[in-house]
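Each residue of the first sequence is one higher than the one before, starting from 482 at the first, in this note's numbering.
Built from N, CA and C at the ideal position, the CB exists for glycine as well.
Written below as C-alpha cells is the structure these notes are about.
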Amino acid sequence: MPELPEVETVVRTLEKRIQGQEILAVHIRWPGVIEGQSPEEFARRLTHQHFRVFHRRGKYLLFDLDRDMLVVHLRMEGKFYVDDPGKPLDRHMHVLFDLGNGRQLRYHDVRKFGRMSLLPLDTDLTHFHDLGPEPWDEGFNAGYVYRMAHSRRQPLKSLLLDQSFVAGIGNIYADEILFACQLRPGRASRRLTHAQAARLVAETQRILSEAIRAGGTTIRTYTSSLGVSGRFQLQCMVHEQKFCRVCGSPIHCRRIGGRSSYYCPHCQK
DNA sequence: ACACTGACCTGCGAGC
DNA sequence: TGCTCGCAGGTCAGTG
Numbered sequence: 482m483p484e485l486p487e488v489e490t491v492v493r494t495l496e497k498r499i500q501g502q503e504i505l506a507v508h509i510r511w512p513g514v515i516e517g518q519s520p521e522e523f524a525r526r527l528t529h530q531h532f533r534v535f536h537r538r539g540k541y542l543l544f545d546l547d548r549d550m551l552v553v554h555l556r557m558e559g560k561f562y563v564d565d566p567g568k569p570l571d572r573h574m575h576v577l578f579d580l581g582n583g584r585q586l587r588y589h590d591v592r593k594f595g596r597m598s599l600l601p602l603d604t605d606l607t608h609f610h611d612l613g614p615e616p617w618d619e620g621f622n623a624g625y626v627y628r629m630a631h632s633r634r635q636p637l638k639s640l641l642l643d644q645s646f647v648a649g650i651g652n653i654y655a656d657e658i659l660f661a662c663q664l665r666p667g668r669a670s671r672r673l674t675h676a677q678a679a680r681l682v683a684e685t686q687r688i689l690s691e692a693i694r695a696g697g698t699t700i701r702t703y704t705s706s707l708g709v710s711g712r713f714q715l716q717c718m719v720h721e722q723k724f725c726r727v728c729g730s731p732i733h734c735r736r737i738g739g740r741s742s743y744y745c746p747h748c749q750k
C-alpha cells in the first residue's frame, strides 16, 4: 500500500517517463475512479493538455497540466504503468491515457479504492484535504508534536496515521517509526515527553528518507508502478515480523484504532 | 468537538 | 475439493 515514500517514487518515475507528453485521448473503463465531474467531462478536459510538473502532497500525486491539476490518490493498490497500447489489458486496468509519443499511461487498481480528479492549477495545497505538514516542513517539529500529542486522547499509532497531524504516514511506516522511537503503538499520546517528541520527528524523517532513497518498499504485496519494484533496504523491523530483529522477542500484533499494529513488547515501552 | 465505526472493493488464505 | 468468512487498509460520511 503506497505511503509517502512509494508515492514519491511513483511521481519521480513518472516524471522521467512522461514529462512533456501530450494527452491525446482518455479512456475510462471504470467510471467510479473519477471524482468531482462526469467521466466524459474529465476526459474532454484532459485531452490536448500536457504533463508539465510532477509533485506530491502527503499521499496524493499531483500533475500540473496546461490548465488543470490532475490529482490522484492510489489508496491501497493503485498503480501506474507506461505501456505499449497493444499490450493486453486485464480487468483491473481502469483508466488509459493515450500519449503523444505513442505510448499509453495506464491506471491499474484491483480494489477500485483509488480516485482521480481535476483541480485548478492555482489550488492552495497547504490545507488541501485537511492535510497537516509534510514530515520535513519546519512546522513539523518537537514543539508541534508535543502540543498535538497532548491535545488528544488517542493512542500514538492513531496520531501518526492522522493525516491532519502529519501527511504521508500509513500503517506500515507508523509501526516502524514507533519501533525506532521505542514507543508502543497503544501508548497514550498525552504521555509523550518533549524528548520523545523530538525523537519522533527525527525518526520519522530518517525512516521516510531512507525509504525514498531505496525507491519505496515492497512490503506486503505493493510494488510501486512501472515494474519499478521498491527495494526498501532497511526492511521492516516489526511490521509483519515474527521476531524482533533487535532482541529476538516474539512480535506482538493487536488492533489499535482499527488497524493491525506490530510492536516488540521488550524494546517498546 | 472529538473519537470511533462502517462503507467502499477485491483477492487471498484459513477453516470446515 | 469447494464453500464461507475474515482480513488487508486510506479516507470519508455517519453516528454517538
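Sequence-distant partners of L599 (beyond 5 residues in either direction) whose C-beta falls short of 8 Å from its own C-beta, in its chain, are G517, Q518, F523, R526, L527, D549, M550, L551 and V552. Separation of the CB atoms of L642 and G539 is rounded to 12 Å, and the pair is thereby denied contact status at 8 Å. In this structure the region 720-734 does not lie against the region 628-639, because fewer than three pairs of beta carbons, one per stretch, are closer than 8 Å. Under DSSP, A506 forms a beta bridge with D579. Look at H554 here: in three-state DSSP terms it is strand.
The Cβ neighbour count for S690, taken over all protein chains shown within 10 Å, is under 16; the residue is labelled exposed.
Per DSSP, reduced to three states, the secondary structure at V719 is coil, with no helix or strand assignment. For T685, the closest of R668, A695, R596 and D656 by C-alpha to C-alpha distance is D656. Look at F532 here: in three-state DSSP terms it is coil, with no helix or strand label. Within the same chain, Cβ atoms closer than 8 Å to the Cβ of K750 are found at Q663, L664, R665 and R668, the five residues on either side in sequence being excluded.
Taking 8 Å as the upper bound for CB-CB distance, V491 and F561 are in contact here, some 6 Å apart. Taking the Cα of I515 as reference, the smallest distance to any Cα among F621, H554 and Q585 is reached at H554.
Below 8 Å, enough C-beta pairs join the region 644-661 and the region 602-619 to call them touching: three or more. Distance from the Cα of V488 is smallest, within the candidate group Y588, H529, R533 and L542, for L542.
Assigned with DSSP and collapsed to three states, F646 falls in coil, not helix or strand.
When the five nearest sequence neighbours on each side are left out, the beta carbons in the same chain lying within less than 6 Å of the beta carbon of M574 are those of R587 and H589, in order along the chain. R584 and S741 have their C-alpha atoms some 40 Å from each other. Minimum Cα-Cα distance from I737 among the listed residues G696, S670, H747 and K723 corresponds to S670.
Within 10 angstroms of the beta-carbon of L602 lie fewer than 16 other beta-carbons, which makes it exposed. Cα atoms of D605 and F621: separation of roughly 19 Å, rounded to the nearest angstrom. Per DSSP, reduced to three states, the secondary structure at M597 is strand. In the structure shown, R726 falls within a coil segment according to DSSP collapsed to helix, strand and coil. Setting aside the 5 residues that flank it on each side, F532 is surrounded in the same chain by I499, Q500, G501, Q502, F544 and L546, each with a C-beta closer than 7 Å to its C-beta; the list follows chain order. Counting every other CB atom within 10 Å of its CB across the protein chains shown gives E484 a total of 16 or more, marking it as buried. Rounded to the nearest whole angstrom, the C-alpha separation of I732 and L570 is 41 Å.
K560: member of the beta strand (DSSP E) spanning K560 to D564, first to last residue. When the Cα atoms are used, Y743 and A679 turn out to be separated by approximately 22 Å. Around the beta-carbon of G513, fewer than 16 other beta-carbon atoms lie within 10 Å, marking it exposed.
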